[in-house]
Amino acid sequence: MNLARRFRSTMMGVIASPSLLRTRRARARLARRLRGDAPAIHYFHQVDDPYSHLAVQKIDEIRAAYRVAVRPHLVGPPLPEFQGDTARFAAWALRDASSVAPWYGVGSPGDVLPEAAAVRHANAVLSSVLDCDTFATRAIEIGTSLWHSGANLSPDAPVDRVLAEGNRLRTRLGHYLGAMFYFEGEWFWGLDRLHLLERRLIDEGYAVQVDATPVVPMPQFERVRHSGDSVGVTLEYFPSLRSPYTAVGHGRVADLVQRSGVTLKLRPVIPMMMRGIPAPRNKQLYIMMDAAREARYYGVPFGRFVDPFGEPVLNAFSYFPAASEQGLGMAFVGSYLAAAFGEGIDISSAKGLGEIMDRAGLVAADLRSDREASRALLDDNLSAMMDAGLWGVPSFRVSDETGEPAFACWGQDRIWRVEAEIARRQSRGTDGRNEQG
Numbered sequence: 001m002n003l004a005r006r007f008r009s010t011m012m013g014v015i016a017s018p019s020l021l022r023t024r025r026a027r028a029r030l031a032r033r034l035r036g037d038a039p040a041i042h043y044f045h046q047v048d049d050p051y052s053h054l055a056v057q058k059i060d061e062i063r064a065a066y067r068v069a070v071r072p073h074l075v076g077p078p079l080p081e082f083q084g085d086t087a088r089f090a091a092w093a094l095r096d097a098s099s100v101a102p103w104y105g106v107g108s109p110g111d112v113l114p115e116a117a118a119v120r121h122a123n124a125v126l127s128s129v130l131d132c133d134t135f136a137t138r139a140i141e142i143g144t145s146l147w148h149s150g151a152n153l154s155p156d157a158p159v160d161r162v163l164a165e166g167n168r169l170r171t172r173l174g175h176y177l178g179a180m181f182y183f184e185g186e187w188f189w190g191l192d193r194l195h196l197l198e199r200r201l202i203d204e205g206y207a208v209q210v211d212a213t214p215v216v217p218m219p220q221f222e223r224v225r226h227s228g229d230s231v232g233v234t235l236e237y238f239p240s241l242r243s244p245y246t247a248v249g250h251g252r253v254a255d256l257v258q259r260s261g262v263t264l265k266l267r268p269v270i271p272m273m274m275r276g277i278p279a280p281r282n283k284q285l286y287i288m289m290d291a292a293r294e295a296r297y298y299g300v301p302f303g304r305f306v307d308p309f310g311e312p313v314l315n316a317f318s319y320f321p322a323a324s325e326q327g328l329g330m331a332f333v334g335s336y337l338a339a340a341f342g343e344g345i346d347i348s349s350a351k352g353l354g355e356i357m358d359r360a361g362l363v364a365a366d367l368r369s370d371r372e373a374s375r376a377l378l379d380d381n382l383s384a385m386m387d388a389g390l391w392g393v394p395s396f397r398v399s400d401e402t403g404e405p406a407f408a409c410w411g412q413d414r415i416w417r418v419e420a421e422i423a424r425r426q427s428r429g430t431d432g433r434n435e436q437g
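When we follow my numbering, the leftmost residue of the sequence shown carries the number 1, and every step to the right adds one.
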């Protein structure tokens, strides 16, 4: 392992460590006490962000359940360099938020993005109630109007100043998105991470009820089980070998495939940063800390890193076609991710890669490296993923033999949604089979 990779890997481990999170929490708590402030959750609301429309609908429930103030701030959209794929970002967020809203018991945004003038008007109205207990109620009313009828409102407040203040605070505290909750050194995204914020509040004694549980838990549904008449359902799974979120979720995907009996099409892609997609420092820091927190929640070993960026990824992928031919593609990807993100195995060395292959059930001496075939495969998979409106990993696409449009989504925090979709399609009783590759 060269010096640059060793340094980068060490820093990744520091960022993901529980000790750094504890330090960040303690420093923020001390600073707040020295200022003489009461504990408060800072909520960053972007009126034209579908996830903000969902999140704000739970603000009053959080206020009622915990002895902590909730301070809303209005913010603008993330800068282009934080969006990953500016051409797909807004449409994807709208589709995804609409997909998960019913599972959280909240109203969905509309089908089209609001006009700029309507967004400005909505910000103007909300800026006048930022310090009021009625903010969430007004934000829900205005958001519903904005998303469904264009919100023909009249600006009556210093919108630019209010947005600038919210944007500055968000940046100073270390983030870039809307629908974000910040509490004493730690960020939580939207409804997806609200249960983790609640668990922290409960652990730290802020809950109103003695035996409190999160008021916004993860969506609940009956887990899918393999049955003989269950499947003409296909799951396309798009992982990469340098994605912390893929590392966190891969085991759950493998478990889902086994339990459901779906036909699996394993379609790995080149990592985003190796495709030239930017990831500014704040984004990289948040992703690593958030992925580590998700790993702890799901009990996935995580934190002993050897960053596979560049040649190690390309070298490993050159063996993927051979591994796939043996029906061990999932095992190979899982072994590699565990080595790179949880075990600190030097994936840049021949010895390390050999160990990864051995654990996957492959015989390294019998495998042939084929960069040309792997490159063609990776390019084809990437095209398919982007055709589905996705650009990040892990991504998923669920289809069946009925002709119903495919369902596509992105993120290890959407594995539950993938399972729910598989269960829905399987319930129609189509026939199918189970394959891995």
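For each residue, glycine too, the CB sits at the ideal point set by N, CA and C.
By a C-beta neighbour count over all protein chains shown, 10 Å radius and 16 as the cutoff for buried, is residue i buried or exposed?
i, result
"Thr234", "buried"
"Ala116", "exposed"
"Met11", "exposed"
"Glu294", "buried"
"Glu401", "exposed"
"Glu311", "exposed"
"Arg450", "Within the shown structure, residues of the chain are numbered from 1 to 437, placing residue 450 beyond reach of any answer."
"Glu81", "exposed"
"Leu34", "exposed"
"Ala292", "buried"
"Leu79", "exposed"
"Pro271", "buried"
"Met14", "In the sequence on display, residue 14 carries Val and not Met. Counting Cβ neighbours within 10 Å, Val14 comes out exposed, since fewer than 16 surround it."
Once the 5 residues before and after residue i are set aside, which same chain residues still bring their CB inside 6 Å of it?
i, result
"Leu382", "Val269"
"Met357", "Ala364"
"Asp48", "Pro114, Val119"
"Arg443", "The structure shown has nothing for residue 443, since the chain only spans 1 to 437."
"Asn434", "With a pLDDT of 38 at Asn434, under the threshold of 50, the modelled position of that residue is not reliable, and the figure given next carries that caveat. So the qualifying residues of the chain are Gly261."
Hey, quick one: how far does the alpha helix (DSSP H) through residue i stretch, first residue to last?
i, result
"Ser98", "89-104"
"Phe305", "Where Phe305 is concerned, there is no enclosing alpha helix (DSSP H), given that its DSSP letter is neither H nor E."
"Pro321", "320-325"
"Ile277", "Ile277 -> no alpha helix (DSSP H), and no H or E assigned at all."
"Phe7", "3-16"
"His73", "No alpha helix (DSSP H) contains His73, which is instead part of the beta strand (DSSP E) from 69-74."
"Ala364", "Careful: Ala364 lies outside any alpha helix (DSSP H) and carries neither H nor E."
"Phe317", "311-317"
"Thr263", "Here Thr263 belongs to no alpha helix (DSSP H); instead the beta strand (DSSP E) covers 263-266."
"Thr171", "159-173"
"Pro217", "From DSSP, Pro217 is part of no alpha helix (DSSP H); its letter is neither H nor E."
Apart from the five residues just before and just after residue i, which ones in its own chain have a Cβ nearer than 8 Å to its Cβ?
i, result
"Glu184", "Arg25, Ala28, Arg29, Arg32, Pro39"
"Gly354", "Ala364"
"Glu419", "Phe221, Arg223, Val224, Leu256, Ser260"
"Asp60", "Ala136, Thr137"
"Asp247", "The sequence shown places Ala at residue 247, rather than the Asp named in the question. Same-chain partners within the cutoff: Ala291, Ala295, Val300, Phe302, Leu337, Ala338, Ala340, Phe341, Gly342."
"Arg242", "Pro271, Met273, Met274, Asp307, Pro308, Phe309, Val313, Ala340"
Just the C-alpha distance for residue i and residue j, rounded to the nearest angstrom, thanks.
i, j, result
"Gly261", "His226", "5 Å"
"Thr86", "Ala406", "23 Å"
"Ser128", "Gly178", "19 Å"
"Leu256", "Leu196", "23 Å"
"Arg182", "Tyr319", "Here the sequence assigns Tyr to residue 182, which means Arg is not the residue at that position. In a straight line, the C-alpha of Tyr182 is about 43 Å away from that of Tyr319."
"Asp307", "Pro244", "10 Å"
"Ala101", "Met218", "12 Å"
"Gly205", "Asp131", "25 Å"
"Ala350", "Trp92", "40 Å"
"Arg8", "Ser324", "30 Å"
"Ser98", "Ala124", "25 Å"
"Gln412", "Glu141", "31 Å"
"Arg67", "His73", "19 Å"
"Gly389", "Val253", "21 Å"
"Pro321", "Leu377", "8 Å"
"Pro18", "Arg71", "27 Å"
"Val208", "Ala65", "6 Å"
"Phe44", "Thr134", "16 Å"
Let me know the secondary structure DSSP gives residue i once reduced to three states.
i, result
"Pro405", "coil"
"Pro244", "helix"
"Thr137", "helix"
"Ser349", "coil"
"Trp391", "coil"
"Val112", "coil"
"Ile287", "helix"
"Tyr336", "helix"
"Ser399", "strand"
"Glu204", "coil"
"Phe44", "strand"
"Tyr237", "strand"
"Glu186", "strand"
"Phe82", "helix"
"Met357", "helix"
Ignore the nearest five residues each way along the sequence and tell me which others in residue i's own chain have a CB closer than 7 Å to its CB.
i, result
"Trp147", "His53, Pro109, Gly110, Pro114"
"Leu94", "Pro50, Pro109, Leu113"
"Leu328", "Ala360, Gly361, Leu362"
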